[in-house]
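Notes follow the structure.
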Amino acid sequence: MRLELKLAMASVMIWLSSVSLAADSDQCYRDYSAGKVLQAYNSCLPLAQVGDPQAAFIVARLYALGVEGGPPNWETAVEWLTRSAAGGYSEAAYNLAIAHQVGKGTPVNLAESVAYYRQSAEQGNPKAMRNLALLYEKGDGVEQDLAQAFSLYQASAEAGLADSQLKIGLMLFRGEGVDQDRLAARRWIEQAAESGYDQAQLALAGILIDSEPANAIEWYQRSAAQGNPYAAHNLALVYSDGFIIPPDLLQALAYADVSIELGNPKTQALYDKILTKIQQEGIKGTALSHRQDAADSQMGSATETAVWLRDRDWLQQQSPGFYAVQLARLASQESALRFMTEYQLQGRVDVVRLAADDYVVLLQDSFADKAMAQNAYRDKLPSTLVNEAWVRSYRSLYAK
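Here the sequence shown is numbered in my numbering, starting from 126 and rising by one per residue.
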């Protein structure tokens with residue numbers, strides 16, 4: 126009877142201990158998710174020390190961030206990643222593979238990197254599959270094997286990674302590591318493009334430009350709208366050369382300007398070429414005053430709307446080389462009006478309707494150079510808007 130009682134008490138103690146550990150684990154994760162670095166460290170470290178792999182991973186991340194506001198400690202982070210990976214935590218193995226690959230907190234060791242990528246991939250981590258595929262594709266740390274690379278990319282793509290979907294699409298398109306199949310290639314690249322991946326949108330446009338130019342231009346535009354400078358460059362080419370669609374030099378110049386603003390200096394030569402052609406053909410924008418006649422402000426609400434609501438025709442009358450300060454991009458006229466009212470901007474801004482559901486709010490002042498605009502708007506805007514303002518040329522706004 127005593128033995129049975131002792132066993133029952135032991136079972137209760139084990140159960141209570143497991144409940145306590147589960148509660149502690151929840152607290153550890155909550156603190157980490159809330160960005161409470163010190164609290165997370167204090168709640169996760171005891172768990173990590175007794176072998177909890179998720180807690181060990183979190184402790185590693187905290188050391189990488191810098192515990193107690195100190196500098197990152199990559200060496201200690203790697204130690205905890207190693208313990209977490211040994212406990213079967215796939216994300217730790219993935220991060221540890223990267224550390225060994227680039228030499229962060231540990232010397233570069235491609236053999237170790239491959240081993241940890243393989244461990245994480247076998248545990249179902251699609252990012253590890255993708256990175257291991259790249260090593261097989263390039264022959265880094267392993268013997269080059271394009272078929273193995275394709276197989277790993279495909280597993281990652283099927284798990285939903287857009288960059289892997291693009292990769293196997295391109296490999297199918299070129300017949301690299303797999304038999305060429307351009308229909309399947311297009312399906313994979315379209316899937317990645319539809320998910321919003323700008324590189325896939327750029328690639329899909331390049332594939333379609335000769336056979337489906339209107340569709341290709343739409344994909345270039347979607348990619349450029351997400352900040353892809355190469356898509357903007359290609360749109361500048363399409364609108365300037367006239368081989369695919371009738372030329373539109375102002376539109377071409379706008380996209381060239383966007384490409385340069387997005388960080389592609391190689392577009393400068395194309396920009397200069399388009400600008401020279403515009404000057405030779407006598408195409409130019411005309412700068413108009415943003416200010417309305419005082420009498421307009423005395424009229425009713427319909428006229429009041431006309432004071433601040435503009436369209437593309439108005440936009441293309443602005444001097445293309447001048448700069449505007451964009452405060453917001455909104456989906457409706459009502460949203461724009463609420464924005465103006467909230468920040469008390471009536472009489473100080475123009476709202477340009479670029480499309481049915483695309484409105485930009487601009488300060489009424491124009492500036493001859495970018496630095497002047499950047500210096501000026503800080504004194505003109507509420508402090509809550511200063512960090513949201515974007516100085517851009519009127520030319521870049523021409524882009525559809």
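Every residue, glycine too, gets a C-beta built ideally from N, C-alpha and C.
Quick check on the DSSP output: the beta strand (DSSP E) that includes residue i runs from which residue to which?
i    : result
S518 : 515 to 518
L488 : 483 to 488
L528 : Because residue 528 is not part of the residues shown, which for the chain are 126 to 525, the question remains open.
Q451 : 448 to 455
Rounded to a whole number of angstroms, what is the C-alpha to C-alpha distance between residue i and residue j?
i    : j    : result
A272 : I385 : 38 Å
S336 : L327 : 15 Å
Y278 : S215 : 18 Å
N340 : T401 : 29 Å
L470 : P371 : 40 Å
E301 : A253 : 21 Å
D397 : D504 : 34 Å
L387 : Y355 : 9 Å
S491 : M497 : 10 Å
W515 : Q351 : 15 Å
E513 : V450 : 10 Å
R517 : L452 : 11 Å
V573 : G249 : This structure cannot speak to residue 573, because the chain is shown only from 126 to 525.
G194 : F298 : 49 Å
R473 : L221 : 54 Å
A185 : A202 : 4 Å
I399 : D373 : 10 Å
A493 : D323 : 32 Å
Q269 : Y157 : 40 Å
A330 : G212 : 45 Å
Y502 : V511 : 8 Å
Going by the CB atoms, is the gap between residue j and residue i shorter than 8 Å?
i    : j    : result
R478 : D438 : no
W313 : I334 : no
Y380 : Y364 : yes
A524 : Q393 : no
A526 : A180 : Any property of residue 526 remains undetermined from this structure, which presents the chain solely from 126 to 525.
L378 : I403 : yes
P197 : A210 : no
Using the Cβ count rule (16 or more neighbours within 10 Å means buried), how would you classify residue i?
i    : result
G264 : exposed
S521 : buried
L308 : exposed
F275 : buried
E406 : exposed
T509 : exposed
S168 : buried
L413 : Residue placement at L413 is poorly supported in this model, since its pLDDT is 28, which falls under 50; the coordinates still yield a value, given next. Exposed, by the Cβ-count rule.
L487 : buried
N256 : buried
G230 : buried
D304 : exposed
P445 : buried
V233 : exposed
Going by DSSP, what residue range makes up the alpha helix (DSSP H) through residue i?
i    : result
Y355 : 354 to 366
I183 : 178 to 190
P338 : 338 to 350
T201 : 199 to 211
S320 : No alpha helix (DSSP H) contains S320, which DSSP labels as neither H nor E.
K398 : 393 to 406
T509 : 508 to 511
E438 : The identity of residue 438 in the sequence shown is Asp, whereas the question assumes Glu. Looking at the DSSP string, the run of the alpha helix (DSSP H) that includes D438 is 437 to 441.
K263 : 251 to 263
Using 8 Å as the limit for Cβ to Cβ distance, is residue i near chain B?
i    : result
D482 : Protein chain content of the structure displayed is limited to a single chain, and chain B is not contained in it.
Taking C-alpha atoms, which residue in the options lies nearest to residue i?
i    : options                : result
D475 : W205, L440, G446, Q244 : L440
D483 : R473, R454, K495, A501 : R454
E200 : L187, V162, Y468       : L187
K495 : F447, R208, V233, V227 : F447
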